[in-house]
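Undergrad: This is the structure, below, for whatever I ask next.
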Amino acid sequence: MDRNRSTAVGRRTFVRGTGAAFGAAALGGSAAASGTESTGEVNGGAGELDFAENDDPIVIAHRGFAGAYPENTIAAAVGSSLSNADAVEIDVVPCADGTPVVFHDNGLSERDDGGLTEVEGLVWEADCDTVTSAEVLESGETVPTFEALMDAVPPGLGVNIELKNPGSEDLDFATDLSDDALEQRKDLWQPFVRDVLEIASEYDNDVLVISFYEAALAVTREIAPEVPIGVLPWDSIEFAIDVAREYDCEAIHPPYDMIQETPFFNDGVYVDDPNYSDVDLLEVAHEDGREVNVYTLTTWYQAEQLAAAGVDGLVTDYPGLLLASDADEGEGARTDG
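With our numbering, the residue at position 85 of the sequence shown is 68, and numbering never jumps.
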């Protein structure tokens, strides 16, 4: 088995369906798509989206290229398209009335290095007018509703929707849940996920729904089994593989230091002394027919090394990292000549 190739999914494929695949029927009730006890090879989907004609990984703009644009804003989504991203990654949470808005943090101003906005409080406890009038990083851009951002996204740009929080601090982050705990957490996620999927169904953009939370993925599968999903692991390769197989995920989105045969493996980029298992996540995922899109890259060197390892997508804070890598390789070739 070539660890650099996925058996069931072409490496140019980001998702398996379009907005139309959500459909009223899919949103009308639950489906029996809760899991499988097999090795979990991906089933056929509604369609494929080919982003490029070469073998480079696709580029997913993290929060809309957060290093280049004010994150999770309309300007960032538009800028991602203008900067030749294949897809834009966004985070969704509800405000007090349940309206999904595009924002990463639980608190409107909670970051240690300075809040994203100057408004205090939890997003889901603030009324929607307060949230959507909050200025992001003094940029002049405000927090958009999910619907407003989707209105601004060009049809050809894929949308990677991260289900960040349904409006609760009682969640189990990147945790494989017991049956009882899973059912309890699903109740928290159900209304919010349904709202997000109903909005997404109005647009033609190809989408991938991802989350660190098992219950969020379980609910997405039940509400709309046609919708492609991906699991976000944090500190465990086994969690990534187990959840991906349980819900037949089309993708796994690991931190880039989970990829073996790169200089970054076990580096502790996000977790101190991670001691990841010897399981080759990329190889296993590709054997199961899943794509692997790694987060979050900031340099051309990271992009070069991860592309060489055979990942399918690069979630990056900056545009042009692969172009910079290609340019560096070209200069080296001319020097050697």
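For every residue, glycine included, the Cβ atom is placed at its ideal position computed from N, Cα and C.
1) Check whether the Cβ of Glu274 lies closer than 8 Å to any Cβ atom in chain D.
2) Check each candidate in Val61, Tyr284, Asn67 and His236 and name the one with the smallest Cα separation from Ser194.
3) Go ahead and pull the three-state DSSP assignment for Glu36.
4) Flag this pair as touching only if the region 101 to 113 and the region 155 to 166 have three or more C-beta atom pairs under 8 Å; answer yes or no.
5) Just to confirm before moving on: does the CB-CB distance between Ala62 and Gly47 stay below 8 Å?
6) For Asp263, which option in Ile242, Asp189 and Asn249 has the closest C-alpha, if you only look at C-alpha atoms?
7) In chain order, what residues of the same chain lie with their CB nearer than 7 Å to the CB of Tyr301, ignoring the 5 residues before and after it?
8) Nearest-angstrom Cα distance between Ala307 and Phe247?
9) Pro77 and Gly150 - do their beta-carbons sit closer together than 8 Å?
10) Mind checking Asn143: buried by the 16 CB within 10 Å criterion, or exposed?
11) At which residues does the beta strand (DSSP E) containing Ser194 begin and terminate?
12) Pick helix, strand or coil for Ser17, following the three-state DSSP scheme.
13) Could you say which of Tyr239, Ala201 and Gly251 lies nearest to Ala227 if we only look at CA atoms?
14) I'd like to check one pair, Leu91 with Gly104: are the Cβ atoms closer than 8 Å?
15) Does Gly97 pass the burial test, meaning 16 or more other C-beta atoms within 10 Å, or should it be called exposed?
16) Do you know offhand how far Gly141's Cα is from Leu191's?
17) Hey, out of Gly139, Val275, Val84 and Thr279, whose CA is closest to Ile220's CA?
18) For a test of the three-state rule: what should DSSP assign to His45, helix, strand or coil?
19) From Ala211 to Glu233, what does the alpha carbon distance come to, in whole angstroms?
20) Within this structure, are the beta carbons of Phe86 and Asp74 separated by less than 8 Å?
21) Whose C-alpha, out of Asp80, Pro216 and Ala268, is nearest the C-alpha of Tyr253?
TA: Straight from the coordinates:
1) Going by chain labels, chain D is absent from the structure shown, which holds only one protein chain.
2) Ranked by Cα distance from Ser194, the options Val61, Tyr284, Asn67 and His236 are led by His236.
3) With a pLDDT of 48 at Glu36, under the threshold of 50, the modelled position of that residue is not reliable, and the figure given next carries that caveat. Here Glu36 sits in coil by DSSP.
4) no
5) Sequence inspection shows Gly at residue 62; the Ala mentioned does not correspond to that position. In this structure, Gly47 lies closer than 8 Å to Gly62 by Cβ.
6) The shortest Cα separation from Asp263 among Ile242, Asp189 and Asn249 belongs to Ile242.
7) Phe48, Gly50, Ala51 and Thr281
8) 19 Å
9) yes
10) Buried.
11) Val190 to Ser194
12) With a pLDDT of 38 at Ser17, under the threshold of 50, the predicted position of this residue should be treated as unreliable, though the coordinate-derived value follows. Three-state result, Ser17: coil.
13) Ala201
14) yes
15) exposed
16) 8 Å
17) Here the closest residue by C-alpha is Val275.
18) strand
19) The sequence shown places Pro at residue 211, rather than the Ala named in the question. Rounded to the nearest angstrom, the two C-alpha atoms are 6 Å apart.
20) yes
21) Pro216
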